[in-house]
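**Student:** For the sequence shown, our numbering gives the first residue as 28, with consecutive numbering after it. Note that beta-carbon positions come from the ideal geometry of N, C-alpha and C, so glycine has one too.
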Amino acid sequence: MSGEAGPASGGPGKRGLEVVGLEVRYGPVRALRGVHLAVPRGAVAAVLGANGAGKTTLLRAVSGTLRFHRGAITSGTVSFGGSRLDGAQAAAVVRRGVVQVPEGRRVFGRMTVAENLRAGALGVPGRRAAAARERVLELFPVLAERAHQRAGLLSGGEQQMLAIGRALMAGPSLLLLDEPTLGLAPLMAARIADTVRQINAQGTSVLLVEQNAAMALALAERAYVLEVGEVTLSGPAADLAASDEVRRRYLGVGAPDTDRPVGTDPGAADGHQSHERHERTRLARWTA
Ligand SMILES: Nc1ncnc2c1ncn2[C@@H]1O[C@H](COP(=O)(O)OP(=O)(O)OP(=O)(O)O)[C@@H](O)[C@H]1O
Ligand SMILES: [Mg+2]
28 MSGEAGPASG GPGKRGLEVV GLEVRYGPVR ALRGVHLAVP RGAVAAVLGA
78 NGAGKTTLLR AVSGTLRFHR GAITSGTVSF GGSRLDGAQA AAVVRRGVVQ
128 VPEGRRVFGR MTVAENLRAG ALGVPGRRAA AARERVLELF PVLAERAHQR
178 AGLLSGGEQQ MLAIGRALMA GPSLLLLDEP TLGLAPLMAA RIADTVRQIN
228 AQGTSVLLVE QNAAMALALA ERAYVLEVGE VTLSGPAADL AASDEVRRRY
278 LGVGAPDTDR PVGTDPGAAD GHQSHERHER TRLARWTA
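Here is the structure:
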């Protein structure tokens, strides 16, 4: 199966997502600065970053939903398939094949599972919607079992499946996922990760925002570290996973000083040794 069912699936060789020099503001607050990022067709890219780093803002800038949050792109460009997305309305971005699954899996709680899925296919021609529905129910059989239940009664993991399923109803060529495993038990998080892998194997590119760095780096080919609105590190996901900095800050392993009992030898310089180590050269680093 491929992206053929999607409204915006491109021909071979078409360019993927390209973000260049992006700056975003919410009124006086600058949330992103000079962000460069690319998701080639068919790839999975991950964005790591702490709370407030700007991850959701980046996805909003791509999906055309910033304006719903009183935000705006003030510099730079977002392109997909070689043409510009910045300035486009959210609905137009969806028609171009770029669909966001928002943070916090906001399903329509009072509507049934089937109605939620139908809502994801608004504007999609009937035959395509039927094919998309089949694909979604194949990926998430539990949604077929629960078709007539209210979405609000599903478990957190099932609601995440429904949120992803709803996005897939539009037949996206690029799926934007905002922390899909947040708050889920490890087993459910692993299932979601498997699903992301499957969706990608079926031809959909994925831009994945995650605080679960280990999972994101295992899924992605390329990854970006966002810190206070700027990309500070980027490169092949395997290289990031092996870098001291990422291991220490996002994977919680690898630093020699983390084993030291609290309160011993205050002010010792050992905690800084790993900073000086040379990391793999394929990683690109930005310093402001
Ligand atoms: N609607 C808004 N109005 C004003 N400032 C905002 C708005 N949304 C986000 N911000 C600010 O922009 C910055 C980036 O926020 P964003 O939500 O993109 O971060 P995040 O990396 O997704 O964080 P989290 O991990 O908590 O989801 C933060 O300083 C945040 O306070
Ligand atoms: Mg966020």
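#1: Start and end of the beta strand (DSSP E) containing Leu64?
#2: Relative to ligand 2, what is the chain-ordered list of residues with a Cβ closer than 7 Å to any of its non-hydrogen atoms?
#3: I need the DSSP call for Pro168, collapsed to helix, strand or coil.
#4: Output the distance between the C-alpha atoms of Ala178 and Leu49, rounded to the nearest integer angstrom.
#5: If we cut at 7 Å on Cβ distances, does Arg154 have a partner in chain D?
#6: Got a sec: does ligand 1 put a non-hydrogen atom nearer than 6 Å to the Cβ of Val128?
#7: Go ahead and label Glu165 buried or exposed: buried means 16 or more other beta carbons lie within 10 angstroms of its beta carbon, across all protein chains shown.
#8: Going by CA-CA distance only, name the one from Ala311, Leu195, Met138 that's closest to Val151.
#9: Is Asn78 near ligand 1, with its Cβ less than 6 Å from a heavy atom?
#10: At a threshold of 6 Å, does Tyr277 count as lining ligand 1 (C-beta to nearest heavy atom)?
#11: For Gly69, I'd like the list of residues in its chain whose CB is within less than 7 Å of its CB, leaving aside the five on either flank, ordered along the chain.
#12: If you run the structure through DSSP and keep just helix, strand and coil, what is Thr83?
#13: Counting beta carbon pairs with one atom in the segment 200-218 and one in the segment 116-134, are three or more of them shorter than 8 Å?
#14: Rounded to whole angstroms, what is the Cα-Cα separation between Ser110 and Arg218?
#15: Between the segment 114-129 and the segment 82-93, are three or more C-beta pairs nearer than 8 Å?
#16: Determine the contact status of Arg60 and Glu257, defining contact as a CB-CB distance below 7 Å.
#17: Helix, strand or coil: how does DSSP classify Ala212 here?
#18: Is it buried or exposed, Ala159, if we count other Cβ atoms within 10 angstroms and call 16 or more buried?
#19: Using only the heavy atoms of ligand 1, determine whether one of them is closer than 6 Å to the beta carbon of Ala58.
#20: Relative to the alpha-carbon of Ala77, which residue among Val223, Leu278, Leu310, Ala311 has its alpha-carbon at the smallest distance?
#21: Could you check whether Leu209 and Gly183 sit closer than 7 Å to each other, using their CB atoms as the reference points?
#22: Can you list, in chain order, the residues of its chain whose CB lies under 7 Å from that of Phe318, leaving out five sequence neighbours each side?
**Tutor:** Taking the structure as given:
#1: On the sequence shown, position 37 is the one that residue 64 refers to. Per DSSP, Leu64 belongs to the beta strand (DSSP E) from 56-66.
#2: Lys82, Thr83, Glu130, Asp205, Glu206, Val236
#3: The residue you call residue 168 lines up with position 141 of the sequence shown. Note: Pro168 maps to helix in three-state DSSP.
#4: Within the sequence shown, numbered from 1, the residue matching residue 178 stands at position 151. Within the sequence shown, numbered from 1, the residue matching residue 49 stands at position 22. Approximately 36 Å, taken between the alpha carbons.
#5: Of the protein chains in this structure there is only one, and it is not chain D.
#6: The residue labelled residue 128 in the question sits at position 101 within the sequence shown. Val128 Cβ: outside cutoff for every heavy atom of ligand 1.
#7: Taking the sequence shown and counting its residues from 1, one reaches residue 165 at position 138. Exposed.
#8: Here the question's residue 151 lines up with position 124 in the sequence shown. Looking at the Cα atoms, Leu195 is the closest of the given residues.
#9: By 1-based counting over the sequence shown, the position of residue 78 is 51. Yes; taking the cut-off as 6 Å, the Cβ of Asn78 has a heavy atom of ligand 1 nearer than that.
#10: In the sequence shown, counting from the first residue as 1, residue 277 sits at position 250. No, ligand 1 has no heavy atom inside 6 Å of this Cβ.
#11: Along the sequence shown, one-based indexing puts residue 69 at 42. Cβ neighbours of Gly69 beyond the five flanking positions: Gly230, Ser232.
#12: As a first step, residue 83 must be located in the sequence shown, where it is residue number 56. Of the three classes helix, strand and coil, the one that applies to Thr83 here is helix, per DSSP.
#13: yes
#14: Taking the sequence shown and counting its residues from 1, the one referred to as residue 110 is at position 83. Taking the sequence shown and counting its residues from 1, the one referred to as residue 218 is at position 191. If you take the alpha carbons of Ser110 and Arg218, they lie about 34 Å apart.
#15: yes
#16: Residue numbering aside, residue 60 sits at position 33 when the sequence shown is read from its first letter. Residue numbering aside, residue 257 sits at position 230 when the sequence shown is read from its first letter. Result yes, Cβ atoms of Arg60 and Glu257 sit closer than 7 Å.
#17: Here residue 212 refers to the residue found at position 185 of the sequence shown. If DSSP states are grouped into helix, strand and coil, Ala212 belongs with coil.
#18: The sequence position of residue 159 within the sequence shown is 132, counting from 1. Buried is the call here.
#19: As a working note, residue 58 is residue 31 in the sequence shown. Answer for Ala58: yes, Cβ within range of ligand 1.
#20: Residue mapping note: residue 77 aligns to position 50 of the sequence shown, counting from 1. Considering only alpha carbons, the answer is Leu278.
#21: Mapped onto the sequence shown, residue 183 falls at position 156. Mapped onto the sequence shown, residue 209 falls at position 182. No, they are not a contact pair.
#22: It is not possible to answer for residue 318, since the shown part of the chain is limited to 28 through 315.
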